[in-house]
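One structure is given here, and the rest of the page talks about it.
2 protein chains.
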Amino acid sequence: MAHASTVSDDRLPAYLRLRDDIARRIAAGEWQPDEALPSDNRLAAEHALSVGTVRKALQQLSDEGLLERRQGAGTFLRKPAFDATLFRFFQVREHGAEQSIPTSRLISRAVVTPTKHLADTLGTTEVIRIERLRCLSEQPLLFEEIYIPQARFPGFELIPAEDIGPLLYPVYFERFGVFVARAEDEVSFGTADRTIALRLGMTEGDPVARIERTAFAMTGEAIEWRVASGRADRFRYRSRIG
Amino acid sequence: MAHASTVSDDRLPAYLRLRDDIARRIAAGEWQPDEALPSDNRLAAEHALSVGTVRKALQQLSDEGLLERRQGAGTFLRKPAFDATLFRFFQVREHGAEQSIPTSRLISRAVVTPTKHLADTLGTTEVIRIERLRCLSEQPLLFEEIYIPQARFPGFELIPAEDIGPLLYPVYFERFGVFVARAEDEVSFGTADRTIALRLGMTEGDPVARIERTAFAMTGEAIEWRVASGRADRFRYRSRIG
DNA sequence: GTCAACTAGTTCTATATAGAAGTGCATAAC
DNA sequence: GTTATGCACTTCTATATAGAACTAGTTGAC
């Protein structure tokens, strides 16, 4: 097989080492979304483990949301539900209107030198800066500055803009194998500076809501830092606790 | 034993029925925080199940955060970490100051007739309304209106104010056996009306941040609805996703 | 008194096995 | 053609067992 470039700690129990191994193979793109993995029995035979141990590893990956186990059918790679979990804020509060996904427009992409705070959180001094504007029915809603480490996303600034959809995390995953497992948001309130006012079509000093987000990979390292600004009077942020 | 007033569906697998049974006994206060539950072997014998099945039930409760399993020591009821999970917003953003828990002052408690929206979410027409003001070093920070169903919290309005600490969820749990398992927050920005401005010592029309929270019990029913308002310029809300 | 060794009891890991429950496809019946 | 039936295969449930890893208290040596 020899599919593992790095190897789990030998002192870890077998089911955890198997979990890590499968997680790596998922990240390496060995299976496509909705494609069935080998069955419990096959995996047990291949790894010389008992079925119970294999089940324990797969169950954990299923709990973590990477896999989906369908009784009678098989174990499938789940296509990450990015929208539901990581892109659920900023619903426009119209009267009866249901939330629709805003359109996205890339404004700029460039390699920049980060501030010290940014360099610390991303752990590198070479980052790519992305500016993006989200609109809903032609109305500018949200202006985003996004920073990602160049080492993990080589050539991101060269991807044709039309290949980048309204959501970035799928792009991270499909083109760079980087899976966003967790994120931390921080919501605060402020006023529009010159550039934000320009982008959002407001006047300087108007109230804006700001979301600072740090996104983490499964390994725990910070993968992205972004700050999004939008009109405060339209802002609505939902969060589930527990 | 006969400790179960209601009983799980017979069609459910045994490990789930056991999980429900133990969850009920926890809610009924059968064990104190940090007190050890019976061992896997004892539970297996008492319920005429195998140890593996018992372990599966306890593991699930451990995943849900109700229990804590310590190898070699036993299985313990976890004291709910209310502060960390459910009361972590509204940090004052001073320069180097670490966050400290604000003091709380109850302003009023009364049985009121709810609005239609409120009656729908709480599922009753008899609710108790609580007004509360949170301060940090004498500075008013946050004004809260809290609504709870009278049926689940009978006599809450009669509890001496000095018996109610700075956090409500422990009171819900200890005096009424209601455990807040989950909550949904919704953050938005607006302007201060007359009463809010009065409570918070600001002038009418100043920007305020608003957090609407619906809290749910383990059974899934809504247990509390509250709206908290605070100065927008001091506001900072943290949220963890994934 | 102090410290080490032992011990009973606990959870954790791993294996093996049997059958139930569900899926998807091929084949047969009509 | 359409509908059953059967079958191979999958995951799920439940049991049993053996030993490892760990905890907390007791006993014993000094």
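Protein chains in written order, with our numbering: chain A, 1 to 242; chain B, 1001 to 1242.
From the three backbone atoms N, C-alpha and C, an ideal C-beta is built for every residue, glycine too.
- Item | Within the region 1106-1166 of chain B, ranges of the alpha helix (DSSP H) (whole runs, at least 4 residues) | 1116-1122
- Message: Using a Cβ-Cβ cutoff of less than 6 Å, which residues in the same chain neighbour I130 of chain A once the five nearest sequence positions on both sides are dropped?
- Response: Excluding residues within five positions, the ones whose Cβ falls inside 6 Å are R109 and I146.
- Run down chain B in chain order and give the residues with a C-beta less than 9 Å from the C-beta of V187 of chain A. F1089, V1187, A1209, F1235, R1236, Y1237, R1238 and S1239
- Item | Straight-line Cα distance separating E126 of chain A from T1085 of chain B | Its pLDDT being 43, under 50, T1085 of chain B is placed unreliably in this model, and the value from its coordinates should be taken loosely. Answer to the nearest angstrom: the Cα atoms are 35 Å apart.
- Can you check whether the CB of T214 of chain A is closer than 8 Å to the CB of E184 of chain A? yes
- F156 of chain A and S229 of chain A closer than 8 Å at C-beta: no
- Query: Going by DSSP, what residues sit across from T214 of chain A in a beta bridge?
  - Reply: T214 of chain A pairs with A:E184 and A:W225.
- Run the CB neighbour count on R1105 of chain B, radius 10 Å, all protein chains shown included, and call it buried at 16 or more, exposed below. exposed
- Message: Quick check: is the beta carbon of E1184 of chain B nearer than 8 Å to any beta carbon in chain A?
- Response: yes
- Item | Beta-bridge pairing of E1068 of chain B - partner residues as DSSP gives them | B:F1076
- Validate contact between the region 192-204 of chain A and the region 46-62 of chain A using beta carbons, cut 8 Å, 3 pairs: no
- Message: With distance defined between alpha-carbon atoms, name the residue in B:V1227, B:E1212, B:M1218 and B:F1189 nearest to G1205 of chain B.
- Response: B:F1189
- So which of A:L141, A:F153 and A:A217 has the shortest CA-CA distance to R24 of chain A? Taking only the C-alpha atoms, the option nearest R24 of chain A is A:A217.
- Message: Once DSSP output is grouped into helix, strand and coil, what is the label at E1191 of chain B?
- Response: Correcting the residue type first, residue 1191 of chain B is Thr in the shown sequence and not Glu. Residue state, collapsed to three classes: strand.
- Query: If the cut is a Cβ gap below 8 Å, which residues of chain B does A232 of chain A touch?
  - Reply: F1189, P1207 and A1232
- Message: To the nearest angstrom, how far is the alpha carbon of L1158 of chain B from that of F1076 of chain B?
- Response: 33 Å
- Mapping DSSP to helix, strand and coil, what is G1052 of chain B? helix
- Decide if D1040 of chain B is buried, meaning its Cβ has at least 16 other Cβ atoms within 10 Å, or exposed. buried
- How is A1036 of chain B classed by DSSP in three states: helix, strand or coil? strand
- Do you know how far the Cα of V1111 of chain B is from the Cα of V1133 of chain B? The sequence given here has Leu at residue 1133 of chain B, not Val. Rounded to whole angstroms, L1133 of chain B to V1111 of chain B spans 19 Å at the Cα level.
- Message: Just to confirm before moving on: does the CB-CB distance between L1122 of chain B and A1222 of chain B stay below 8 Å?
- Response: yes
- Nearest-angstrom Cα separation, counted from I148 of chain A out to G74 of chain A: Whole-angstrom Cα-Cα distance: 36 Å.
- Query: By a C-beta neighbour count over all protein chains shown, 10 Å radius and 16 as the cutoff for buried, is E1030 of chain B buried or exposed?
  - Reply: Classification for E1030 of chain B: exposed.
- Message: I'd like the span of the alpha helix (DSSP H) that includes P170 of chain A, first residue to last.
- Response: L168 to F176
- Compute the Euclidean distance between the alpha carbons of A1209 of chain B and E64 of chain A, then round it to the nearest angstrom. 34 Å
- Quick one: grab the DSSP three-state call for A1209 of chain B. strand
- Query: Apart from the five residues on each side of it in sequence, which residues of its chain come closer than 7 Å, Cβ to Cβ, to D163 of chain A?
  - Reply: If you ignore the 5 residues before and after D163 of chain A, its C-beta comes within less than 7 Å of no other C-beta in its own chain.
- In terms of alpha-carbon separation, which member of A:P33, A:A161, A:G177 and A:L141 lies closest to R236 of chain A? A:L141
- Within 8 Å, strictly: CB atoms of V227 of chain A and V1187 of chain B: Inclusion of V227 of chain A and V1187 of chain B in the CB contact set at 8 Å is not warranted, their separation being larger than that value.
- Message: Rounded to the nearest angstrom, what separates D1020 of chain B and A151 of chain A at their Cα positions?
- Response: 48 Å
- Item | Separation of P1160 of chain B from L61 of chain A, as counted between CA atoms | 49 Å
- Query: Can you give the Cα-Cα distance for A1028 of chain B and E212 of chain A, rounded to whole angstroms?
  - Reply: 41 Å
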